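Position 41 of the sequence shown, counting from 1, maps to 40 under numbering that gives the first Met the number 0, and the rest follow consecutively. Working notes, structure below.
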Amino acid sequence: MVEIEWSTTAQNDLNDIIDYIAQDSLEFALSFYDQVKEKLENLTEFPNMGRKVPELDDPNIRELIFRNYRLIYRIMGDKIQIVRVFHGSRILEF
Numbered sequence: 000m001v002e003i004e005w006s007t008t009a010q011n012d013l014n015d016i017i018d019y020i021a022q023d024s025l026e027f028a029l030s031f032y033d034q035v036k037e038k039l040e041n042l043t044e045f046p047n048m049g050r051k052v053p054e055l056d057d058p059n060i061r062e063l064i065f066r067n068y069r070l071i072y073r074i075m076g077d078k079i080q081i082v083r084v085f086h087g088s089r090i091l092e093f
């Protein structure tokens, strides 16, 4: 099994999304947070389950799609780094 770590940028991304959702519904925001964490936990056993990021030419940078959000991660040996979390309508920036 691999270990998951969050980049500061990805953690800030997720916090911003949760804050935005919480403006309408704190309950939904907390549920969304739990579901994102659960989705990413699957990577500990199946790190290659996400698709390669189409905009990048790096097989170690992959993504999971959750609802309308892209969860971008980097495979680094026995570690997975969550790099970005953002709405699919936005342009990918590193």
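We put the CB at the ideal spot given by N, CA and C, even for glycine. Since the structure is predicted, the reported quantities are computational estimates derived from the model, not experimental observations.
Would you mind sorting residue 45 into buried or exposed? The rule is 16 or more other CB atoms within 10 Å of its CB. As a first step, residue 45 is located in the sequence shown; it is residue number 46 there, counting from the start. Classification for residue 45: exposed.
Check whether chain C comes within 8 Å of residue 54, counting only Cβ atoms and requiring the distance to be less than that. Going by chain labels, chain C is absent from the structure shown, which holds only one protein chain.
Keeping to the same chain, check which residues put their C-beta closer than 6 Å to that of residue 60; ignore five residues upstream and five downstream. On the sequence shown, position 61 is the one that residue 60 refers to. These residues qualify, in order along the chain: 52, 73.
Suppose you measure from the CA of residue 76 to the CA of residue 38; what does that come to, to the nearest Å? Along the sequence shown, one-based indexing puts residue 76 at 77. Along the sequence shown, one-based indexing puts residue 38 at 39. Here the alpha carbon of residue 76 sits roughly 20 Å from the alpha carbon of residue 38.
So, using beta-carbon positions, are residue 42 and residue 48 closer together than 8 Å? The sequence position of residue 42 within the sequence shown is 43, counting from 1. The sequence position of residue 48 within the sequence shown is 49, counting from 1. Yes; because the gap between Cβ atoms is below 8 Å, this pair is in contact.
Measure the C-alpha to C-alpha separation of residue 63 and residue 8 and round it to an integer number of angstroms. In the sequence shown, counting from the first residue as 1, residue 63 sits at position 64. In the sequence shown, counting from the first residue as 1, residue 8 sits at position 9. Distance between the alpha carbons of residue 63 and residue 8: 17 Å.
Let's test the definition: count the other Cβ atoms within 10 Å of the Cβ of residue 79 and tell me whether it reaches 16, buried, or not, exposed. Stepping through the sequence shown from its first residue, residue 79 is reached at position 80. Residue 79 should be labelled buried.
For residue 82, I'd like the list of residues in its chain whose CB is within less than 8 Å of its CB, leaving aside the five on either flank, ordered along the chain. Translated into positions along the sequence shown, residue 82 becomes position 83. The residues are 6, 8, 9, 60, 71, 72, 73, 93.
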